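Contents: one structure, followed by commentary.
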Amino acid sequence: MKVGIIGGGGIVGASAGFALQLGGIVHEIVLVDVNADLADGQALDMMHGAPAIADQLITAGAYEDLADADLICITAGLRRKPDESRLALINRNVALFKTILQSVKAAGIKSDATILVVSNPVDILTYLAEEELGLPQGRVIGLGTLLDTL
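In this note's numbering, each residue carries its 1-based index in the sequence shown increased by 165.
Encoded structure:
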């Protein structure tokens, strides 16, 4: 299984990548981030321990590298400012998220890929991903259970 993590240079994305690595069920992990140096650094850190865990390919890449991914996990997003509500965050994150989704769509999506949204506000961004990517219900999943505690 190949998993791409958009926002893979950040704390949530890198943590998701590390958890997937430790699970040992993913063959390939690609970290994509607007800050390519952060994604490179996280990938290098993960590669260092990979031989002790499983036979895995871990790289930093670009949207084009996600075209054949089985799962695309989107963790990218702007952080809430102090005292900012989740609803106030919508306009800032929707604009960013639309740009990300356009890049994903332009690079191509595997016909049976699943999109996992782990960005705030998760419900709105999950709906936006479903609409923008034209994927059927059940192929775009939002996860926000303990997001603020990571």
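Glycine included, C-beta positions come from ideal geometry on N, C-alpha and C.
All of these numbers come straight from a predicted model, not from anything done at the bench.
Query                                                                                                           : Result
Rounded straight-line distance, which links the Cα of L231 to that of F183                                      : 18 Å
Short Cβ contact (8 Å threshold) for A204 with T240                                                             : no
Cβ-Cβ distance between T361 and R304 below 8 Å                                                                  : Outside the displayed range of the chain (166 to 315) lies residue 361, so it cannot be described from this structure.
Residue interval of the beta strand (DSSP E) (run including V168)                                               : 167-171
Among L308, M166, G307, nearest to L236 - alpha-carbon criterion                                                : M166
Those runs of the alpha helix (DSSP H) which lie wholly inside the stretch 209-293 and span at least 4 residues : 251-272
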